[in-house]
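In our numbering, the protein residues as written are 1048 to 2004.
Using N, Cα and C, we set each Cβ at its ideal position, and we do this for glycine too.
Values in this document were obtained by computation on a predicted structure and should not be read as measured data.
Single-structure report; data block below.
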RNA sequence: GCGGGGGUAGUCAAGCCUGGCCAACGGCGCAGGACUUAGGAUCCUGUCCUUAGUGGUUCGAGAGUUCAAAUCUCUCCCCCCGCACCA
């Protein structure tokens, strides 16, 4: 017996390794291929990540034990700029980063090496494989490890894109992408992989409204182009210096930041001068669409960093505008300071343009009053704006003043009016982020136009339909996702699939300036695990992995001798690779975190459908939710989470594995809590100690009443486990194994069960059920019991299903004990004698009749009463008989009757008499068992009459 | 806004698809007891309210379907997540 979990883990991991259990080679068994979505290489992983990986290993191990040849390969995904930025941050010796790496055990020499991105990837590949997956006892075929930066992987990836192209799914068109001004394209997402700030930013689509003013255009940006009919003036911030920008033949005035942003989106832009905001006040300009001349007024809410820093004024529907216009009209200082004329002031009168539910003519005024906003600059104005915007969008209709747009819903008018103004040259589009976004490199991120961007056309209807149809044949867990995945596939549109800039990844085969983007290169890859082993072992080189090579081994195209000639790969080897691919594929199960539901899984499905024939499409998906931190999500980049090796040391790997598998359904988030993990560790301790006690019991051949019961119970649990595992239900498996079977074993011991044959059979069943989730402990116990071979290689055999009858007898005893102690508790006296009266036989007969009726679906009170009353044995009991009939009929139509059927087989008196000593021992009172049918029994309170089948009467004194 | 997920006893969390052995598995916590104190122990009992083992009221709120609802239908109230070059 190993003295510590650590020792146990090392011992059995070495044993599995030396017996090559993880090695997967073709044979004549049914195969099972399982992968988890490989992790991105962006730093240390934490205990949360191991949840999904552990499910994969446990499912794989279970499958091994049910006659399957299991392939469980692993890899890593290093595409992108994660490693590059990490290397940069190490080079710059960022405090937080260095400290984070050190805390996880990184040495100075390693830090030095990791100034190079490739070393970062190598470093973490090694950590993931050796410190995480191997330490967790995974039975992976390590020979098949691959990383997206491998040269051979790149060949596979390029082939994948050629096939997408063959299928007509690669298209090109302009694209507006978020990009760092230094590094090029970056992704904006909450996990802030690429960026250091602004992960929640969203891209806004502004309409640029051009107000003609002499030779110039004052350009305002708006999100509400449908409100142009309500424009009455123009806002400029008097404290801001604006710029004149040449835009083709025109000259625009916008804020400086806006001009800089526009240059990324429009051709032919150039700053040619400046103009002070305060000098623009009082100008007159022509509002687009309505072609009305409106005055320029001052307002400090115009932010040069938002939109163009210039704003059109629609006081009827914009709270800011309403308040600022009121200020202009009421503040004589403003009028004199900026020399505004009375005509100008008077000309700006709000125009009611949209009717919406719950608002009057001027929604902006209504919301301001409702929210008690008094002053311009009130932070509540932001909320007010959002509220009016939202309500207007959903319930608003354009009023008659809006010309030909009158009567349209806002939703529709918005698009139509924008289109019209763009066509007439009065407006353009401008995309901007709604909050500041800063790249990992420290430079700002903005929206940049990319011409000729390549996309994978996931909007293709035919592809979507085929993919969606296939999903109906798959096993997708949870079912909520199975139902929802069709919607996700439908929602998917074209996806930009390549990017430029400083990125790690595969070159796009049709244009080497582009690198294949991180999602697009991780879709079809599971199939590559069946091939990469030959590249890893040097039997084939990347140069030999041509289009016709993959066409041949994956799609069975071409003649093997031709392909051999072209690639220089021997025919025999080509045959072997091809047969491997055909044997292992399709993938049986792809397991990934919930973040994959809207990105990875759909593209995984699409690409398979697009490239592979129907019989090679994936068979299953399983989604797992997260382990979260106390307050927020545990983040691998932000640290603070328990490092994996530390947790493994502290709790033991099996305790963690059991924790993952049992703590909750896989489809719910779980808050990380060390005490909870510790309680699983204690459970393992208890189980180990129980098994070792059982194992050291002296050999006894004595039969006991509970032998049959125990084996039946275990049979029932195993049946439940196998049934559940059809859905990969590990929680059920663990619940049955580590809790139910444990409790039954305790009961068996408590009932003085001691038959060593029975115990050995039970232990064999029990320990084998532990092998998928807690393999180290299972091996240790298996070997301790002297069972043959390794439990990891054990094959589950047919176990006789549980027998409800033999299980029922113990339930009866438990119920009786429980009833006795309840009564003792309630009557609050020290009992000296307990009498148990089993039912009168005529009642058993009545129940038998009722059961027969129930089986035929004919059970009701009158029918049962009638039949009972015609029975010679029952009729003499008169009123008691009719009342029993009533009760039985009522109870038995409401509940299932399995237990009742079982009790018909049982002689309650004999059974309870045999257990009387035990019941006495448990309750601490002398117990006698009598039948209510017996003559002259001791029954001072007439309790015996209350006994019914399965529920003996009890008298206590 | 669009789309998705969820609200179960002190707490975490099963059950819900396929209505009925559901006062509702199990864990943790708590209380009492046993054993006994090399322990983050183990074992037993209890843990909604009541009570000779019964009965009552519960599964976000309300209404409905049904002999029967935590489970099905509708309405409402709260919470969480995704909405795209992020794995």
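Expected contact under 8 Å - CB spacing of residue i and residue j to nearest Å
i	j	result
residue 1248	residue 1484	5 Å
residue 1124	residue 1569	5 Å
residue 1994	residue 1885	6 Å
residue 1162	residue 1137	6 Å
residue 1573	residue 1637	7 Å
residue 1675	residue 1718	5 Å
residue 1959	residue 1999	7 Å
residue 1024	residue 1132	It is not possible to answer for residue 1024, since the shown part of the chain is limited to 1048 through 2004.
Residue i (DSSP reduced to helix, strand or coil)
i	result
residue 1062	helix
residue 1680	For residue 1680, the predicted model reports a pLDDT of 41, less than 50, meaning its position is unreliable and no value from the coordinates is stated.
residue 1547	coil
residue 1420	coil
residue 1369	helix
residue 1149	helix
residue 1841	coil
residue 1916	helix
residue 1933	helix
residue 1858	helix
residue 1177	helix
residue 1479	strand
residue 1252	strand
residue 1456	strand
residue 1671	strand
residue 1439	helix
residue 1922	helix
Cutoff 8 Å; reference residue i; Cβ partners in own chain excluding five residues on either side
i	result
residue 1464	1272, 1273, 1275, 1336 and 1452
residue 1816	1764, 1765, 1768, 1780, 1783, 1784 and 1788
residue 1291	1263, 1298, 1299, 1300, 1318, 1319, 1320, 1321 and 1322
residue 1366	1411, 1414, 1415, 1420, 1428, 1431, 1432 and 1435
6 Å CB neighbourhood of residue i in its chain, flanking five on each side removed
i	result
residue 1312	1496
residue 1576	1120 and 1191
residue 1295	1315
residue 1288	1321 and 1323
residue 1077	1115
residue 1908	1933 and 1936
residue 1346	1282 and 1371
Residue i classed as buried or exposed, judged by whether at least 16 other C-beta atoms fall within 10 angstroms
i	result
residue 1412	buried
residue 1603	exposed
residue 1066	exposed
residue 1827	buried
residue 1848	exposed
residue 1813	buried
residue 1359	buried
residue 1681	For residue 1681, the predicted model reports a pLDDT of 46, less than 50, meaning its position is unreliable; a value from the coordinates is still stated below. Its Cβ being crowded by 16 or more others within 10 Å, residue 1681 is buried.
residue 1786	exposed
residue 2003	buried
residue 1441	exposed
residue 1825	buried
CB contact flag (residue i, residue j, <8 Å)
i	j	result
residue 1867	residue 1881	yes
residue 1301	residue 1261	no
residue 1134	residue 1086	no
residue 1870	residue 2001	yes
residue 1343	residue 1332	yes
residue 1520	residue 1656	no
residue 1435	residue 1414	yes
residue 1092	residue 1147	no
residue 1438	residue 1405	yes
residue 2007	residue 1348	Because the chain here runs from 1048 to 2004, residue 2007 falls outside it and cannot be looked at.
residue 1794	residue 1853	no
residue 1652	residue 1832	no
residue 1475	residue 1634	no
Chain-order list of residues whose beta-carbon lies under 7 Å from that of residue i (same chain, five-residue window excluded)
i	result
residue 1527	none
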